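First to last, the protein sequences are chains A and B. Residue numbering for the first sequence follows my numbering, beginning at 166 and increasing consecutively. Residue numbering for the second sequence follows my numbering, beginning at 34 and increasing consecutively. Single-structure report; data block below.
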Amino acid sequence: MPDDPEQLTVLPAHLRGAAAIPLPALALGMSAVVTQFLLLREFLAAFGGNELVIGLVLGNWMVATGIGALAGTRLKAMHLHVAAPAGFLLLLAVLPPVEVITLRVSRNLVFTAGGMVGIPGLLVASLALLLPYCIVSGCAFTVLVKNADPHGQNSGARVYAWESLGSVAGGLLFNILLVAFLGTFQCLAVLFLLDAGLAYLLARRQRFRTLSALALLTALAGICVMVLVDADGLSRRFLFPGQEIVSSRDTPYGSLAVTRQGEQWNLFESGVLLTSTNDVTGREEAVHYALVQRRPPRSVLMIGGVVSGAPLEALRYGPERIDCVEVNPWVIEAGRTIGALPEDPRVRIINEDARVYVKKSAEKYDAVLINLPDPSTAQLNRFFTLEFFHRTKEILTEGGIVSTGLLPAADYQGEEARVLGSSVLTTLRNVFRHVLIVPGERHYFVASDDSLTIDIARSIEARNIRTAYVNGSYLDDALLAARSREITSSFALRGEVNRDFQPVCYSLQLDYWLTSSGFSPAWLLAPVALLFVVVFLRSTPVEWGIFATGSTAAALQIILLIAFQAILGSLYQMTGMLVTAFMAGLAAGSGPRARIAVGRGMKGFLLLQCALAALSFLLPLLLRLLNSGPLSPPAAYGFFITASVVAGVLTGMLFAVAVSMSAVASPSSASKLYALDLVGSAAGALIVSMYVLPRLGVTGTAVAAGLLCLAGACRGVIPSVLLFQRRLL
Amino acid sequence: MKSATGKPIRLGKREFLRLCAVAGGGCLFARNGFAEVLGRWEGLGVPPALTGTPGKWSVEALFCKETGRGILCQKCPNGCVLASGQKGKCRNRVNVDGKVYSIAYGNPCAVHVDPVEKKPLYHFLPGTRAYSIAVAGCNLRCLNCQNWQISQASPEETENVDLMPDGVVAQASAYRCASIAYTYSEPTTFYEYAFDTSALARKHGIRNVWKSNGYINEAPLRKLCRVIDAANIDLKGFDDTVYRKLNDASLEPVLRTLKVIKEEGVWLEITNLVIPTWTDDLATIARMCEWLSRNGLQECPLHFSRFTPLYKLNQLPSTPVSVLEKAREIAMKAGMQYVYIGNVPGHKAESTFCPGCGAMVIERHGFVTTRSGLSAGKCAACGREIAGVWS
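Now the structure itself:
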């Protein structure tokens with residue numbers, strides 16, 4: 166019988182030795198990275214949110230995988246080791262679709278339907294949902310190390326390298342092929358067939374008949390379910406209670422859904438409501454407060470809100486041209502479906518990232534209308550920065566107008582709202598001579614070098630433009646002026662300028678969001694800080710070095726992603742490519758040749774830590790150089806990919822050297838280092854995305870990451886120095 | 034190298050798991066965290082204690098009673114029992130050394146002049162302005178609160194102005210406001226301030242408007258009705274379960290409030306916010322309208338208001354206009370005589386129609402009203418009396 170332990174002991178060496186590493190480790194890496202991308206996208210679609218949500222989910226992913234890796238060290242039975250890779254692969258095939266369905270179904274059952282989910286809820290939900298998959302994949306890593314190397318001959322780095330290589334392959338597969346052509350469940354199907362098929366082949370090769378039959382049956386059952394059941398459609402309905410889903414699509418920019426309630430159409434992107442038809446007030450305010458200020462504009466640029474009906478409003482002024490920039494072509498398609506885009510030759514759709522378009526455009530506009538959500542993400546913050554407003558001014562005609570909205574209307578501005586409003590006001594005042602705040606459903610900031618008027622109702626009537634809301638029936642100019650003065654004076658206090666690499670508004674918006682969810686960042690910060698202290702005090706220098714390296718690497722990755730978005734736009738595919746480039750670096754760095762190049766000793770380990778710290782210190786300088794000069798996309802892409810690869814190589818080499826240095830040199834020590842690396846990365850990702858980057862900006866964060874890495878190096882140096890002194894004495 | 038790597042690995046699996054448990058536990062039991070996991074956020078207990086003595090903007094609170102466990106606040110159905118140093122759920126009543134004080138007296142955080150239609154009050158002095166004030170605090174926890182930054186805060190946390198009752202009345206006169214509105218947050222929580230201001234305003238010929246969630250006990254309400262002229266009460270739904278989940282309150286006290294205000298002869302209008310998936314069930318709306326009609330409230334204007342995504346309910350779309358129109362039809366069928374649709378600019382149901390002949394008696398475009406069809410409080414076409422306070 167295949168599962169007879171007696172028989173297993175006489176299995177040929179190649180079935181359980183070193184040769185058994187590559188394929189399962191590759192599959193593990195590939196499966197994990199694709200699942201991570203898919204689940205992350207699902208979390209964003211279910212919970213909306215910002216980079217903090219991404220940070221939390223990724224943090225939990227790494228913690229859960231770390232737990233799995235440690236748990237794997239307890240699986241001692243030899244027969245389990247040999248059978249485990251196939252068994253784990255089978256589980257890894259089944260778990261992702263189960264987790265995606267569970268997430269969609271439970272979102273509005275467990276949490277408030279249509280409501281915001283706060284940090285505690287998100288933490289618990291993401292950990293609970295990720296645990297099964299991550300525990301299995303973490304266990305699989307450890308078991309692969311043991312299985313390949315039962316006598317502890319230090320093969321952890323090899324498994325790490327193959328797993329990283331699998332991650333690279335998975336990253337490339339997902340970012341180039343899957344995300345462009347397949348939806349979530351189609352991707353899951355590919356993954357399922359790959360893992361289940363491989364599990365079957367491995368089990369067959371290792372003569373586990375029961376397991377191979379089980380794998381075969383699972384694969385067949387899975388295929389039947391895929392063919393017969395519309396799991397995507399059925400599970401997606403739970404995300405939109407009370408709404409009929411007219412169409413949905415997973416685009417490279419996020420998950421899009423068009424829903425209908427009666428006569429009203431709604432468009433959601435990654436769980437965030439982009440627009441609803443019949444939002445008369447929103448679309449009129451976004452257009453008329455700005456356009457009514459001057460003679461009828463000849464050319465208008467619209468950034469965001471393209472499918473909100475705003476172009477229709479702007480057409481009332483009879484412009485020669487309205488350019489609407491929207492990066493996601495499927496949003497435009499959805500806008501046409503819901504009838505929100507006018508079929509007018511004067512309206513030109515530009516499928517490009519708006520920030521990139523503004524940076525390179527040679528056109529001139531009389532008005533630029535920015536109709537975007539608040540700067541609640543780093544990606545959105547790019548449209549509220551000094552650099553962006555400066556460039557926007559350059560494409561305006563003389564006396565041209567720019568308008569942007571911020572924060573929902575309220576009868577009182579809280580502290581967070583006041584500081585955030587102050588920042589936007591100050592940033593705009595650094596660029597334009599006049600800034601007018603028009604209070605509406607949102608606060609509209611209208612800016613120009615020419616004078617501006619708050620007599621909105623009178624002006625619109627003078628132009629004889631018929632509107633449903635922006636007119637004298639709803640707006641009393643005297644009351645509006647009084648409210649505008651009041652808000653302007655409350656916003657004009659302590660505004661800090663918002664910059665690309667110092668995202669003050671993002672940080673403040675984060676505070677505003679956390680306040681509204683009744684959560685203090687300190688509650689998350691405290692346990693993470695405690696974790697740092699405990700690991701620092703209770704681990705060996707090498708362990709601390711790996712933990713600190715994980716945190717530094719996570720910080721560098723986040724910095725690169727944020728900077729990439731600021732400079733080159735929100736190209737999700739490229740964002741995924743950066744992560745893949747980092748993983749490619751990891752794979753290369755943890756390979757045997759790279760390890761030999763620096764040597765196995767502490768000296769090499771310290772050298773690498775110093776190199777990673779140097780990269781951290783150097784990075785902000787290079788980014789500033791890149792952002793200040795004229796934009797050369799190929800050079801910029803090259804820079805970001807190279808920087809990601811270098812960070813990955815250094816991290817991978819550090820891990821490989823750490824494993825080789827471990828005195829115990831057992832598979833379990835490799836797993837512990839793996840777990841520490843993951844937990845360090847998780848802690849770094851959390852603390853950087855939530856606290857450090859929004860407050861310290863790119864430069865401060867990079868310096869902090871470099872110092873952390875140096876602290877790791879110091880812990881390695883000090884004991885050696887003490888030992889040297891003791892010897893001298 | 035021995036000294037660098039020779040130490041035994043200290044962070045074992047158990048310690049690691051323990052660390053994770055500490056970290057996770059810290060987050061889970063963070064402020065409001067556990068409550069959220071259970072499906073409720075806050076409202077599990079009274080907010081933390083206040084230290085110090087009451088300051089300038091404090092008066093001894095009304096409707097308090099000593100019990101063995103502390104002082105019972107009888108102003109609203111929450112019935113907070115406050116031990117020394119504790120604050121009520123509303124965040125502005127505090128027990129200082131055995132005496133409960135309202136710390137919401139003369140310190141409004143929001144002061145605006147609004148058209149009275151914004152409250153909304155359509156049958157009360159149309160076309161006039163209301164001097165509107167709010168002090169931080171609320172006795173409910175609505176997921177969709179527009180003014181959460183003041184309703185979910187204490188007066189100590191907001192930026193306030195110093196405006197005692199005489200100042201409010203003087204300002205209202207200066208701005209030629211026909212009324213003073215106690216609004217934005219929840220006036221029940223700044224009852225003492227609103228009551229004194231109302232009494233003084235009346236002496237100066239200025240009316241008083243109460244914009245409230247109606248979550249108040251009968252005795253304070255009856256006392257209040259002696260000094261106020263109009264009220265708009267939010268009837269947030271007609272299902273107690275939804276009331277508990279959406280607002281952290283219960284339905285029954287609000288229904289009692291509606292009846293008491295009517296009995297006391299204060300002009301009453303009712304607002305029902307129709308929230309998709311929460312309060313848009315047409316059968317429930319029908320039951321609500323039948324109850325209103327059955328209890329003699331059919332002449333009270335009923336405003337079906339359109340929901341827009343706000344605060345914690347920010348992932349729901351707005352209410353489709355057709356749902357509001359259906360709700361209006363249901364209400365009129367149930368006998369409600371003046372039913373409006375709010376937050377839909379330009380909708381014809383902003384205007385007032387005579388329940389007798391159907392003629393338009395007041396034409397409204399936003400806050401601009403034309404009373405051409407109304408003559409001395411009667412329909413100009415058929416002579417039927419139109420309920421309201423017109424002068």
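All C-beta atoms, glycine included, are put in the ideal place defined by N, C-alpha and C. Remember, predicted model here, so these are calculated numbers, not experimental data.
In chain D, what lies closer than 8 Å to residue i by C-beta?
{"i": "asparagine 180 (chain B)", "result": "You won't find chain D in this structure, because its protein chains are A and B."}
Which partner residues does residue i have in the DSSP bridge list?
{"i": "threonine 277 (chain A)", "result": "None; threonine 277 (chain A) has no bridge partner."}
{"i": "proline 198 (chain B)", "result": "Paired residues: none, contrary to the question."}
{"i": "alanine 422 (chain A)", "result": "A:Ser413 and A:Phe433"}
{"i": "lysine 411 (chain B)", "result": "B:Ser408 and B:Glu418"}
{"i": "glutamate 396 (chain B)", "result": "B:Thr403"}
{"i": "aspartate 147 (chain B)", "result": "B:Ala163"}
{"i": "valine 611 (chain A)", "result": "A:Ser568 and A:Leu601"}
{"i": "glutamine 667 (chain A)", "result": "A:Arg664"}
{"i": "histidine 336 (chain B)", "result": "B:Thr304 and B:Tyr373"}
{"i": "glycine 438 (chain A)", "result": "Here residue 438 (chain A) turns out to be leucine, not glycine, going by the sequence shown. BP columns for leucine 438 (chain A) point to A:Phe433."}
The beta strand (DSSP E) spanning residue i covers which residue range?
{"i": "aspartate 531 (chain A)", "result": "530 to 535"}
{"i": "proline 286 (chain B)", "result": "Proline 286 (chain B) -> not in any beta strand (DSSP E); alpha helix (DSSP H) instead, spanning 284 to 296."}
{"i": "methionine 195 (chain A)", "result": "Methionine 195 (chain A) -> not in any beta strand (DSSP E); alpha helix (DSSP H) instead, spanning 187 to 212."}
{"i": "leucine 572 (chain A)", "result": "561 to 573"}
{"i": "alanine 264 (chain B)", "result": "263 to 267"}
{"i": "glycine 103 (chain B)", "result": "103 to 106"}
{"i": "serine 135 (chain B)", "result": "132 to 135"}
{"i": "lysine 98 (chain B)", "result": "97 to 100"}
{"i": "valine 2 (chain B)", "result": "With chain B running from 34 to 424 in the structure shown, residue 2 (chain B) is simply not present."}
Grab the span of the alpha helix (DSSP H) containing residue i for me, first residue to last.
{"i": "cysteine 389 (chain A)", "result": "374 to 393"}
{"i": "alanine 821 (chain A)", "result": "798 to 826"}
{"i": "arginine 369 (chain A)", "result": "349 to 370"}
{"i": "threonine 714 (chain A)", "result": "706 to 733"}
{"i": "tryptophan 311 (chain B)", "result": "First-last for tryptophan 311 (chain B): undefined, no H or E at that position."}
{"i": "threonine 592 (chain A)", "result": "580 to 594"}
Given residue i, which residues of its chain have a CB within under 7 Å of its CB, disregarding the five upstream and five downstream residues?
{"i": "glutamate 192 (chain B)", "result": "Cys142"}
{"i": "threonine 290 (chain B)", "result": "Gly247, Ile249, Leu254 and Ile266"}
{"i": "proline 148 (chain B)", "result": "Arg162 and Phe400"}
{"i": "isoleucine 723 (chain A)", "result": "Ala850, Val853, Ser854 and Leu858"}
{"i": "alanine 361 (chain A)", "result": "Leu255, Ala258, Ala380, Thr383, Ala384 and Gly387"}
{"i": "serine 218 (chain B)", "result": "Ala167, Val168, Ala169, Gly170, Cys171, Asn180, Ile183 and Ser184"}
{"i": "glycine 483 (chain A)", "result": "Pro461"}
{"i": "glycine 416 (chain B)", "result": "none"}
Give me, in chain order, the residues of the same chain whose beta-carbon lies closer than 6 Å to that of residue i; leave out the 5 immediate sequence neighbours on both sides.
{"i": "alanine 505 (chain A)", "result": "Val472 and Gly474"}
{"i": "serine 408 (chain B)", "result": "none"}
{"i": "alanine 205 (chain B)", "result": "Tyr164, Ile213 and Ile239"}
{"i": "arginine 126 (chain B)", "result": "Ala94, Cys106, Val133 and Ser135"}
Spatial neighbours of residue i within its chain, please: C-beta separation below 8 Å, excluding the five flanking residues on both sides.
{"i": "leucine 787 (chain A)", "result": "Phe804 and Ala808"}
{"i": "threonine 310 (chain B)", "result": "Leu349"}
Which runs of the beta strand (DSSP E) spanning at least 3 residues fall entirely within the stretch 339 to 393 of chain B, listed in chain order?
Listed in chain order, they are 372 to 375.
So if I threshold CB-CB distances at 7 Å, which residues from the stretch 433 to 465 of chain A count as touching chain B?
Residues are counted here when their Cβ sits less than 7 Å from a Cβ of chain B; for the stretch 433 to 465 of chain A these are Gly436, Leu438, Ser441, Asn443, Asp444, Val445 and Thr446, given in chain order.
Between the stretch 317 to 349 of chain B and chain A, which residues of the former have a C-beta closer than 8 Å to a C-beta of the latter?
Within the stretch 317 to 349 of chain B, the residues whose Cβ lies closer than 8 Å to some Cβ of chain A are Thr341, Pro342, Leu343, Tyr344, Lys345, Leu346, Asn347, Gln348 and Leu349, listed in chain order.
Residues of the stretch 284 to 316 of chain A with Cβ closer than 8 Å to any Cβ of chain B, in chain order:
Within the stretch 284 to 316 of chain A, those residues whose Cβ lies closer than 8 Å to any Cβ of chain B are, in chain order, Ile284, Pro285, Gly286, Leu288, Val289 and Leu292.
Sequence ranges, alpha helix (DSSP H) only - wholly within the stretch 458 to 541 of chain A, length at least 4:
Along the stretch 458 to 541 of chain A, the alpha helix (DSSP H) occurs as fully enclosed runs of 4 or more residues at 475 to 480, 494 to 502 and 519 to 525, listed in sequence order.
What residues in the stretch 350 to 381 of chain B bring their beta carbon closer than 7 Å to a beta carbon of chain A?
Hits within the stretch, in order: Pro350, Ser351, Pro353, Val354, Ser355, Val356, Pro378 and Gly379.
Going residue by residue through the stretch 173 to 253 of chain B, where are the continuous alpha helix (DSSP H) segments of at least 4 residues, counting only ones entirely within it?
If we require 4 residues or more, the alpha helix (DSSP H) runs fully inside the stretch 173 to 253 of chain B come out as 181 to 184, 198 to 207 and 224 to 236.
Near-chain B residues of the stretch 614 to 635 of chain A - C-beta to any C-beta below 8 Å:
For chain B, the residues of the stretch 614 to 635 of chain A that bring a beta carbon within less than 8 Å of one of its beta carbons are Ala633 and Tyr634, in chain order.
Can you give me, in chain order, the residues of the stretch 327 to 351 of chain A that have a beta carbon less than 8 Å from any beta carbon in chain B?
The stretch 327 to 351 of chain A vs chain B, Cβ under 8 Å: nothing.
Mind checking the stretch 129 to 153 of chain B against chain A and listing, in chain order, the residues whose C-beta falls within less than 8 Å of any C-beta there?
Look at the stretch 129 to 153 of chain B: the residues with a C-beta under 8 Å from a C-beta of chain A are Cys142, Ala143, His145, Val146, Asp147 and Pro148.
Contacting positions in the stretch 394 to 411 of chain B - beta carbon closer than 7 Å to chain A:
Taking 7 Å as the Cβ-Cβ cut-off, the stretch 394 to 411 of chain B approaches chain A at His398, Gly399, Phe400 and Val401, given in chain order.
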